[in-house]
Amino acid sequence: MFACASISRASAVASLTPARAAVDRSSTRSIGVHARASGDAPLTHLRPSTANRANEIAFVAAKPAPAPPVNKFQEFGRQYWPAFAALEGVALVGATVNGIMLRKRREEIERLNAQMRGIMAKLDERDKTLTSEDGDSEASEALNAAKSALASDHNDRAADLFLKAIDVATRAEDGAAELSARRGYAMALAAQRKFADAASTLEAYLPRSSALNQREGDSAVYGLLGDVYTDLGAFDKAGAAYDACINVMDD
């Protein structure tokens, strides 16, 4: 009985197998016909034939896109970026130092301006830097000619005339005319922007006025010396000169 049942079940399965295959073939043909009718290529050849082929297709699909090629500029930047970072640091330090120096210089200039205002408040007028020379002496005539040239902005000629006046006054032993000519010569040099030579002339004036015991013009000389040092950028010396000018005027 059981043998008959088994034989019947096997016969039924065998009879169904050709029908299932026919259905599968008809389905495949219908898919292919439908694809050709819609204008697309048949998709049956894209189906993986094995499990390994399916894994390969999945791997290729999941693989990331390759990175774009590095150009020469990017390669150069990656190679030398430590040097660029060091240069940037140096630039930042330099900017900081320059800012500190500029602030310090501004403070020094403000201090010098305050000193100059104090000096100007004590001086009646600028003409006192050169004392008037009266008389018909040779030294007086040479000094007046030099003053006229300086007032006319003939600075080169004025410097030569003041040197001549210094020589004439020294030979004539006219101390007041000599010191006045020395101050004028320094002013003529400063007008030509020869600040270093003007500073040397003014520095040499002070011991000469002390030797002649004629210190009346020292305050003006210290003021001129402060101006010259300021033009030279020697702010510490300029401040000391202005302080000396105020001290001399207060005595």
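Using full-length UniProt numbering, the letters of the sequence shown map in sequence onto residues 1 to 251. Glycine included, every Cβ here is placed at the ideal spot set by N, Cα and C. Being a predicted model, the structure only gives us computed values, none of them experimental.
DSSP places SER137 outside both helix and strand once states are collapsed to three, so it counts as coil. Looking at the backbone, the Cα of SER152 and that of LEU224 are separated by about 20 Å. The criterion of a C-beta distance shorter than 7 Å is not satisfied by ALA176 and LEU143. Sequence-distant partners of GLY226 (beyond 5 residues in either direction) whose C-beta falls short of 6 Å from its own C-beta, in its chain, are ALA238, ALA241, TYR242. Inter-segment contact for the region 205-219 and the region 161-173 is absent: fewer than three beta-carbon pairs are separated by less than 8 Å.
Between ARG193 and the set LEU232, SER180, LYS147, the nearest pair of CA atoms involves LEU232. In the structure shown, the three-state DSSP call for ASP250 is helix. By a beta-carbon distance limit of 8 Å, LEU189 contacts ALA159. Their separation comes to about 6 Å. A distance below 8 Å between beta-carbons, with the five flanking residues on each side excluded, links GLN214 to the following residues of its chain, in chain order: GLY175, ALA176, LEU179.
Shortest Cα-Cα distance from ALA198 to any of SER210, LEU212, ARG182, ALA211 involves ARG182. Around the beta-carbon of SER210, fewer than 16 other beta-carbon atoms lie within 10 Å, marking it exposed. With a contact defined as Cβ atoms closer than 8 Å, SER219 and MET249 qualify at about 5 Å.
Straight-line spacing of the CA atoms in ALA139 and MET101 works out to 48 Å. Here LYS72 is exposed, its C-beta having fewer than 16 other C-beta atoms within 10 Å.
Listed in chain order, the non-local C-beta contacts of ARG157 below 8 Å within the same chain comprise ALA149, local neighbours out to five positions each way being set aside. Between VAL228 and GLU108, the alpha-carbon positions lie close to 15 Å from each other.
Between ALA172 and LEU161, the gap from beta carbon to beta carbon reaches 7 Å or more. Annotation: THR96 to VAL90 spans about 10 Å, alpha carbon to alpha carbon. Residue state for SER152 is assigned as coil, using DSSP reduced to three classes.
Rounded to the nearest whole angstrom, the CA to CA distance from GLY184 to TYR222 is 14 Å. In the structure shown, GLY89 adopts helical secondary structure according to DSSP, grouped into three states. When DSSP states are grouped into helix, strand and coil, ALA234 belongs to the coil group. When the five nearest sequence neighbours on each side are left out, no beta carbon in the same chain lies closer than 6 Å to the beta carbon of GLU216. Distance between MET187 and ALA85, taken at the CA atoms: about 52 Å. Counting of Cβ neighbours within 10 angstroms places LYS104 among the exposed residues, the total staying below 16.
The beta carbons of ASN155 and ALA196 sit about 16 Å from each other, so the pair does not count as a contact at 8 Å.
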